[in-house]
């Protein structure tokens with residue numbers, strides 16, 4: 001039997017840094033090989049560490065995937081609130097919205113499948129703390145960009161355009177690459193933010 | 001045991017008209033009482049017809065709901081292709097797009113729950129004949145409206161804004177009524193169609 005993974009609160013110093021290093025490597029593995037490529041063995045090999053360490057840290061593969069999703073989500077939220085512009089404060093609302101979509105599309109490469117799997121649990125697509133955070137962030141930028149319509153309603157629609165299930169369909173079935181997805185996001189932001197008659 | 005419902009091809013004249021009359025009444029019942037209000041008993045009562053007729057026609061309640069969804073979908077598609085403007089041909093692309101969204105929001109009142117249930121089967125949200133029909137229709141109008149971006153990719157995003165699961169969330173959780181949903185659709189169409197600098 002393996003022990004449960006320690007909670008982030010009980011980790012200190014080296015342990016926390018080691019955990020973050022492992023999660024970053026896990027993200028790289030998914031970006032290169034897809035989610036199926038991320039196994040406990042492969043992570044141990046790439047991190048040049050013992051498999052026992054990986055199991056002690058994350059419990060099992062499901063625990064690793066959960067930790068990775070939380071980790072990338074926390075990173076993303078931190079960069080939206082505290083990070084440098086244009087993702088963080090210090091750029092115009094339109095610049096920040098553009099950067100938001102580009103970052104969401106980049107992130108999809110790593111955690112798209114994890115996000116889709118998490119969303120399928122009940123009503124989480126709209127009704128999770130994560131969904132709410134993003135809705136509030138995008139609403140705030142739309143309001144700052146003086147959109148001429150209900151900002152929170154428009155935020156819901158714009159976030160649909162970045163939803164992992166839509167991005168997945170665009171990639172796999174509609175033949176769109178990341179470049180075309182970003183171009184579409186830029187088109188939407190340019191059109192909805194600000195007064196086109198101004 | 002009840003017999004299977006006859007296929008539309010074997011129905012002629014009075015039978016087909018009677019079927020259509022029953023389905024229209026079924027739609028009215030849902031609009032007034034929600035989907036739970038539509039029972040075989042209630043349909044027989046409102047149509048002033050025998051319950052046996054209802055069962056012979058639709059098999060059971062699930063068959064009735066399936067028939068109703070196909071019926072309203074066929075009606076909607078027919079009015080998009082052959083109906084009077086602005087939903088059908090004879091209006092500008094922008095007018096037709098505006099009318100499309102308004103009709104989709106009105107339709108949600110009757111068949112929203114049925115559509116959401118049908119979508120949950122596998123990948124049908126994007127990969128059904130119905131989804132494809134609507135994507136092609138909206139793409140065609142966007143192309144005619146000379147949008148400055150990949151029309152089929154933009155169609156996917158705009159259709160997300162009318163997806164029953166989003167409309168449902170807007171109504172039940174975000175407190176939007178049909179009027180605000182239509183105003184949002186009009187804002188989107190005004191912004192994406194045509195050249196804002198022109």
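Protein chains in written order, with UniProt numbering: chain A, 1 to 198; chain B, 1 to 198. All C-beta atoms, glycine included, are put in the ideal place defined by N, C-alpha and C. Here the structure is a predicted model, which is why all the values come from computation and not from measurement.
Chain A beta carbons: is any one of them nearer than 9 Å to that of residue i?
i, result
"residue 100(B)", "no"
"residue 148(B)", "yes"
"residue 43(B)", "no"
"residue 188(B)", "yes"
"residue 181(B)", "yes"
"residue 143(B)", "no"
"residue 18(B)", "no"
"residue 1(B)", "Only weak support is given to the placement of residue 1(B): the predicted model assigns it a pLDDT of 44, under 50, and the value that follows is read from those uncertain coordinates. Judged by the 9 Å Cβ criterion, residue 1(B) is not in contact with chain A."
"residue 127(B)", "yes"
Less than 9 Å between the beta carbons of residue i and residue j, yes or no?
i, j, result
"residue 156(B)", "residue 174(A)", "yes"
"residue 67(B)", "residue 38(B)", "no"
"residue 104(B)", "residue 149(A)", "no"
"residue 93(A)", "residue 154(A)", "no"
"residue 71(B)", "residue 119(B)", "no"
"residue 135(A)", "residue 159(A)", "yes"
"residue 35(A)", "residue 114(A)", "yes"
"residue 117(A)", "residue 125(A)", "no"
Let me confirm a value: residue i is counted as buried when at least 16 other C-beta atoms fall within 10 Å, else exposed. Which label applies?
i, result
"residue 176(B)", "buried"
"residue 62(B)", "exposed"
"residue 27(A)", "buried"
"residue 202(A)", "With chain A covering 1 to 198 only, the question about residue 202(A) has no answer from this structure."
"residue 84(A)", "exposed"
"residue 43(A)", "buried"
"residue 185(B)", "buried"
"residue 161(A)", "buried"
Quick one: which chain A residues come within Cβ less than 7 Å of residue i?
i, result
"residue 154(B)", "184"
"residue 108(B)", "Within chain A, no residue comes near residue 108(B); the closest Cβ sits about 15 Å away, beyond 7 Å."
"residue 192(B)", "191"
"residue 67(B)", "The contacting residues do not exist; residue 67(B) stays about 28 Å from chain A at best."
"residue 166(B)", "156 and 160"
Within 9 Å of any Cβ in chain B, is that where the Cβ of residue i sits?
i, result
"residue 140(A)", "no"
"residue 173(A)", "yes"
"residue 178(A)", "no"
"residue 55(A)", "no"
"residue 115(A)", "no"
"residue 133(A)", "no"
Closest Cβ-Cβ distance between residue i and chain E: below 9 Å?
i, result
"residue 163(B)", "Here chain E cannot be found, since the structure's protein chains are A and B."
Residue i touches chain B at which residues, Cβ-Cβ below 9 Å?
i, result
"residue 170(A)", "153 and 156"
Kindly list, in the order they appear in chain B, the residues whose Cβ is closer than 7 Å to that of residue i.
i, result
"residue 58(A)", "None at all; the shortest Cβ gap to chain B is about 31 Å."
### Query
Could you give the uninterrupted runs of the alpha helix (DSSP H) lying entirely in the segment 39-120 of chain B, keeping only those of 4 residues or more?
Scanning the segment 39-120 of chain B from its first residue to its last, the whole alpha helix (DSSP H) runs of 4-plus residues come out as 40-47, 51-58, 61-81 and 93-119.
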